[in-house]
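Novice: With UniProt numbering applied, the sequence shown covers 1 to 271.
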Amino acid sequence: MRPRYEVILRVDHEADHPTARADHTGGGAENRTPLRLAVVQPPCVPLDVAENARAHAAAVRAARARVVVFPELSLTGYELDAPVVSVDDPRLAPLVEACAEANALALVGAPVAGDHIAMLAVTGGGATVAYRKMWLGDAEARRFRPGDAPVVLDVDGWRVGLAICKDTGVAAHAERTAALGIDVYAAGVLESARDTTVTDRRAHRIATAHRVWVAVASFAGSTGGGYTEAAGRSGVWTPDGEVYARAGTDPGESVSVSLTRPDRGGDGRGP
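(1) If you check the beta carbons only, do THR168 and VAL189 fall under 9 Å apart?
(2) Kindly identify the DSSP beta-bridge partner or partners of VAL129.
(3) Starting from the C-beta of ALA102, find all residues in its chain whose C-beta is less than 7 Å away, skip the five residues before and the five after it, and write them out in chain order.
(4) Drop a sphere of 10 angstroms on the beta-carbon of GLY109, count the other beta-carbons inside from all chains shown, and report buried for 16 or more, exposed for fewer.
(5) Taking ALA231 as the reference, give the member of PRO239, THR249, ALA245 with the closest Cα.
(6) Which residues does DSSP list as the beta-bridge partners of ARG36?
(7) LEU105 by DSSP, collapsed to three states: which one?
(8) Take ALA106 as the anchor and find which of VAL112, ARG176, MET119 has the nearest alpha-carbon.
(9) What's the call for THR238, buried or exposed, on a 16-neighbour Cβ count within 10 Å?
(10) State yes or no: is the C-beta of PRO43 within less than 9 Å of the C-beta of ALA55?
(11) In the DSSP output, what is VAL212 paired with across the bridge?
(12) Check PRO94 in the structure and name its three-state DSSP category.
(13) Just to confirm, are ALA171 and ALA207 a CB contact at a threshold of 9 Å?
(14) Quick one: is VAL257 buried, meaning 16 or more other Cβ sit within 10 Å of its Cβ, or exposed?
(15) Name the residue from LEU162, THR76, ALA127, GLY252 whose alpha carbon lies nearest to the alpha carbon of ALA93.
(16) Indicate whether PHE144 and ILE117 have their beta-carbon atoms separated by less than 9 Å.
(17) Could you tell me if GLU191 is buried or exposed, where buried requires 16 or more neighbouring beta carbons within 10 angstroms of its beta carbon?
(18) Just the C-alpha distance for GLY224 and LEU80, rounded to the nearest angstrom, thanks.
(19) In whole angstroms, give me the CA-to-CA distance for TRP213 and ASP240.
This is the structure in structure tokens:
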């Protein structure tokens, strides 16, 4: 039996490590293996977890990345009354199998027990609730409760901070997450097509303020909840705040990149 996710990833919470800092300039980090990361905007069938999990699995296989980031509530669509998704839901099996084949960590969106909007961490060993959204929109707050702490995953020596949509617009979230020591700020979001610049502004601010890579998976197409045309344009930003790679506006698009350690005065671009 393959080990579960907790065995291969370390999760750091603010309460456990209140003063941790990332070392971007030394301490052996220059020898760290580049991180292959993808951001995906999968096609979505609202409320159809089984079909969406299959689409996620196909995206994981195509990405050929170690970490694959999906949008907010990607398994259900933006349906605020969607039933919760448990970590042992059999409908997730195709995604777990794809992660096993690709040796990938998929960060996927779903409503979870306790009434949270969450990010699940899915590997070949199964699924775990990795992070609960801390800042909720007004409509979301009628059902859901905010998470209580930032979370950072350690993936092969890379420290990946997690965020969901509105979190990215609250400076305190990035500050508290960065204080745990991060190399990458990874977010799953949903914006309407008319708000495409919102993600760009937020990603640039976070990248330049904290000198980290920013990876954003943004829903495209129709996603439920009144979003008939989501923005898409998922992307990756360098620690200098430049757009390094970007998808278009169609469902099913993705981008994969190799991240390297930022050098002093450089952007850490991978091949």
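Note that CB positions come from ideal geometry on N, CA and C, so glycine has one too.
Specialist: Looking at the coordinates:
(1) For the purposes of this step, residue 168 is taken as the residue at position 168 of the sequence shown. For the purposes of this step, residue 189 is taken as the residue at position 189 of the sequence shown. Cβ atoms of THR168 and VAL189: closer than 9 Å.
(2) Here the question's residue 129 lines up with position 129 in the sequence shown. DSSP, once it has assigned bridges, lists LEU120 as partnering VAL129.
(3) Reading the sequence shown from its first residue, position 102 is the one you call residue 102. Taken in chain order, the residues that qualify are VAL60, ARG61, ARG64.
(4) Working through the sequence shown from its first residue, we reach residue 109 at position 109. Counting Cβ neighbours within 10 Å, GLY109 comes out buried, since at least 16 surround it.
(5) The residue you call residue 231 lines up with position 231 of the sequence shown. Of the candidates PRO239, THR249, ALA245, the one whose C-alpha sits nearest the C-alpha of ALA231 is THR249.
(6) As a working mapping, residue 36 is identified with position 36 in the sequence shown. DSSP output for ARG36 lists SER258 as bridge partner(s).
(7) Your numbering for residue 105 matches position 105 in the sequence shown. If DSSP states are grouped into helix, strand and coil, LEU105 belongs with the strands.
(8) Along the sequence shown, one-based indexing puts residue 106 at 106. Ranking the options by Cα distance to ALA106, first place goes to MET119.
(9) Locating residue 238 in the sequence shown gives position 238, where the first residue counts as 1. Looking at its Cβ environment, which holds 16 or more other Cβ atoms inside 10 Å, THR238 is buried.
(10) Within the sequence shown, numbered from 1, the residue matching residue 43 stands at position 43. Within the sequence shown, numbered from 1, the residue matching residue 55 stands at position 55. Remark: C-beta atoms of PRO43 and ALA55 approach each other more closely than 9 Å.
(11) As a first step, residue 212 must be located in the sequence shown, where it is residue number 212. None; VAL212 has no bridge partner.
(12) In the sequence shown, residue 94 corresponds to position 94, counting from 1. In this structure, PRO94 counts as helix in the three-state DSSP scheme.
(13) Locating residue 171 in the sequence shown gives position 171, where the first residue counts as 1. Locating residue 207 in the sequence shown gives position 207, where the first residue counts as 1. No, the pair does not count as a contact, with Cβ atoms beyond the cut-off.
(14) The residue labelled residue 257 in the question sits at position 257 within the sequence shown. By the neighbour-count rule (16 or more Cβ atoms within 10 Å), VAL257 is buried.
(15) The count along the sequence shown starts at 1 and reaches residue 93 at position 93. When only C-alpha atoms are compared, the closest one is ALA127.
(16) Within the sequence shown, numbered from 1, the residue matching residue 144 stands at position 144. Within the sequence shown, numbered from 1, the residue matching residue 117 stands at position 117. Between PHE144 and ILE117, the CB-CB gap stays under 9 Å.
(17) Along the sequence shown, one-based indexing puts residue 191 at 191. Label assigned to GLU191: buried.
(18) Sequence index remark: in the sequence shown, residue 224 carries index 224 (1-based). Sequence index remark: in the sequence shown, residue 80 carries index 80 (1-based). Taking the straight line from one Cα to the other gives about 9 Å.
(19) Here residue 213 refers to the residue found at position 213 of the sequence shown. Here residue 240 refers to the residue found at position 240 of the sequence shown. One C-alpha to the other measures close to 8 Å.
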